[in-house]
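In what follows, a structure is listed as structure tokens, so that the remarks can point back to it.
Residue numbers (the numbering used here), protein chains in the order written: chain A, 35 to 555; chain B, 35 to 555.
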């Protein structure tokens, strides 16, 4: 009964969590030792339900025989699992899978320092270089989608070829519509209904990306030296952009479930010359928070009262399953003070390079700025995207994508709970491409990154996501790419490396709390 | 012998220069009177060679009978032609086409004020609005190409559809190459050989347009408040861009044939804190100057000595027939101080929205800035363009285009010589899309623009092309669009309206010099 079939495979015949079949792989000094490999394998089987709660693990002797390892290796592995709260030892009976695995804790409200930071001297280009380090085994770094599974390349090709046929004359003309071709603006306006926004096609300006939209908005409402408030942690692309525009970043306490703290924002507005607030109220990046609807409404009202521009990023909203949660803060905008920015890079095709903005009362300024920068778009592509959005099938695709992401994030959370150090906290977003992982204070995720990079595994160290000195003990793990046995093993390896690092790193400031189970009571 | 067949058509049956068949058209107060219509028709026949030098015009009586107009109308028309130097009266013999029509004068060296101007309060958006006024009869305003003749839409469509097929997976990915896809960068590097530049693909960054390339270069080397030197007059898009970036414009005296005055530039560098020089050394816009090769070399050396960045626009270079004249200043760059910007909008397809820059030693800064602004390009389009440039046939297309432009500009110059006020000067560029026309000092081309706009005809008033108060007596006439009988008649009508305006406008500061023939001795 306890013999889940997979477990019979020995650690040598491919049952090992490391995907390398090269036997030398386990000889490298950084590869997990045998007992850890065994523990990871068992943890995975427990996580997948192959070993159920209450079930007895094979006896130490049985396991040793099956896996061709020594009894002490099996004992070490079982103690490892016990320490991580996955099994419990019953004297004279053996090791049993724990009855209930309660949810792993989420990180709490962030507490960035209450002052703005200039990014001028921050070497933020390192962030991008690190993000694009090749993870030849597994990349949990960027949001590059798994093109084998998530999106439909052929459908895109057909749409582009069709648009090229129908609109080839547009290739011979300058795009006279600064704001983008009416067909696409109308399609975007129709999609905005799902965000609760009744936009007119004329309210919308097409851009090359969401970040270009945000860039144009910032250019319209700020000047170098101005202060922009953001979530904390926040998307590193925003911080790079603030740096490029010579703006100062003021990070606002943010909760991983409910997003930007409105009392904290209000305090900041009282005490700092904030020119604009740049926020992702729905599935914020990196923590995946969704502001409650009432909070979105209060945010808009608060900024309208203060005459501060709200730049809202809705690039992830469509990854949620229902329109109520998707609803944008912009839907509460009454005086054009909200500039809402989106794209279809997270839901349709990152490589199209088309985004959009409804810039409220700054519509003309944004449109003009776009033209002055020579950033007009290709009309054929605009028509191809309009076509894709209008054809139907987009909502069905979103539903599939949502289900896929929920499953991935759930599996990834389980693996993290099993393999990461005791005391690790993980965000629990309702959708999106990533999890935010918080280790003990003093943990050095940059050192972990360097270690993992050498093993062909990448992720996003937490320090990327702030202009302050926070979040070095955090990391963003993204699951947008391929997700299979290789990646799952690599994720466990990050956890193992983190545990190793906590044992050896002098930078760790607090002692490990071995008695606190990761899967807490 | 003097009866050129076209002349037999009366002014009523379509021989009139106005394309309106609505008989009321000639009743509007601004339509040319009958004698003017007759003079224009005859001028056109003289220009086209239907009436040859030394040939006698039909007698006044004959003409009156043929055209169904009064003798005094014909007399007025003949005197008009005499005044404009096209015919001469021989007592008792009649009116004869003048033996030699010498070339119309070109404008001289410009003399902008030797100080920099902030563009902050200049309402430059008016320029764009005016440029895009619909000229429902004829547009001499923008550089929108004649898609019926110049470029090949089907070839573009095929290239885009093919690239979509071959590279559809790129649509599912973020464009990891900030600088653009290697295939296109290599194709651009090969094309740069025609500019005398030995560039490596890695020197090149792909952009959405030439103006975006210039924008990125300016962002890399300047900060708000800095001074940028330009030709005078200069492309209004540059001035708009300087305004958007908060930069000051310092215009440098420029000759319509040889371009930027190097002594004047050197003086400016001695006296002003110039941060960058933004110039189009080959077929500058609007005057069409081509700097001699030695001057291009001296320009590069001068700026290298002064450690001032040179931003070179080569968007028109390929419109010249031979590589010697096409040669870019960049080809003399030894220390990476020249940032050369181009696109294929003027030679292949304005609607592709792809340009490029070789930013010399600012390559990384430009590439990073492009990424930060979220301005990555669609890889499918990049491949389509690479394909078009590599296929062969591009040089043959350029030769056809060059011949077409030379013919248009020649025909347009003749018509301007015949129909514009005495004293008008016209640039004589070796290629390009436009002519720069200088009327007498005090002439108001904005008033002329408003008048012509009401008649469905547009062009570019000279005041668009400067940050100073110069060139209100000038205009840019562009011949990129359709060019046939309708447009030729419309061009003559601008000339007639200009003559009318000189007779009536109080803003004219100098008296008309009726005795100076436009086609001067």
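For each residue, glycine too, the CB sits at the ideal point set by N, CA and C.
Bear in mind that the values here come from a model prediction, so they are computed numbers and not experimental data.
For residue i, count the other beta carbons within 10 Å of its own beta carbon; 16 or more makes it buried, fewer makes it exposed. Which is it?
i, result
"residue 225/A", "buried"
"residue 95/B", "exposed"
"residue 87/A", "exposed"
"residue 562/A", "This structure does not reach residue 562/A, given that chain A is present from 35 up to 555, and the question cannot be answered."
"residue 157/B", "exposed"
"residue 356/B", "exposed"
"residue 154/A", "exposed"
"residue 213/B", "buried"
"residue 4/A", "An answer regarding residue 4/A cannot be provided, because it is not within the stretch 35 to 555 covered by chain A."
"residue 433/B", "exposed"
"residue 297/B", "exposed"
"residue 536/B", "buried"
"residue 569/B", "Residue 569/B lies beyond the stretch modelled for chain B, which goes from 35 to 555, so this question has no answer here."
"residue 168/B", "exposed"
"residue 63/A", "No answer about residue 63/A holds up, because its pLDDT of 44 lies below 50 and its placement is not dependable."
"residue 304/A", "exposed"
"residue 256/A", "buried"
"residue 318/B", "buried"
Using DSSP with H/G/I as helix, E/B as strand and the rest coil, what is residue i?
i, result
"residue 112/A", "helix"
"residue 536/A", "helix"
"residue 474/B", "coil"
"residue 153/B", "coil"
"residue 367/A", "coil"
"residue 170/A", "coil"
"residue 584/A", "Any answer about residue 584/A is impossible in this case: the structure gives chain A only from 35 up to 555."
"residue 270/A", "helix"
"residue 193/A", "helix"
"residue 512/A", "strand"
"residue 132/A", "coil"
"residue 143/A", "coil"
"residue 360/B", "helix"
"residue 211/A", "coil"
"residue 201/B", "coil"
"residue 324/A", "strand"
Give me the Cα-Cα distance between residue i and residue j, rounded to the nearest whole angstrom.
i, j, result
"residue 449/A", "residue 78/A", "7 Å"
"residue 251/B", "residue 333/B", "18 Å"
"residue 509/A", "residue 288/B", "57 Å"
"residue 530/A", "residue 90/A", "24 Å"
"residue 227/A", "residue 265/A", "26 Å"
"residue 276/B", "residue 392/B", "20 Å"
"residue 376/B", "residue 480/A", "41 Å"
"residue 280/A", "residue 399/B", "15 Å"
"residue 343/A", "residue 243/B", "30 Å"
"residue 559/B", "residue 402/B", "An answer regarding residue 559/B cannot be provided, because it is not within the stretch 35 to 555 covered by chain B."
"residue 501/B", "residue 283/B", "7 Å"
"residue 361/B", "residue 394/B", "17 Å"
For the alpha helix (DSSP H) that contains residue i, what are its first and last residues?
i, result
"residue 253/B", "244–255"
"residue 305/B", "296–305"
"residue 101/A", "94–101"
"residue 479/A", "479–488"
"residue 239/A", "First-last for residue 239/A: 239–241, but that is the beta strand (DSSP E), not the alpha helix (DSSP H)."
"residue 221/B", "216–226"
I'd like the span of the beta strand (DSSP E) that includes residue i, first residue to last.
i, result
"residue 288/A", "282–289"
"residue 493/A", "491–495"
"residue 80/A", "Here residue 80/A belongs to no beta strand (DSSP E); instead the alpha helix (DSSP H) covers 68–82."
"residue 392/B", "389–392"
"residue 377/A", "372–377"
"residue 309/B", "308–313"
"residue 343/A", "343–347"
"residue 122/A", "121–124"
(Q) Which complete alpha helix (DSSP H) runs does the stretch 402–471 of chain B hold, if anything under 4 residues is left out? (A) 413–424 and 428–453
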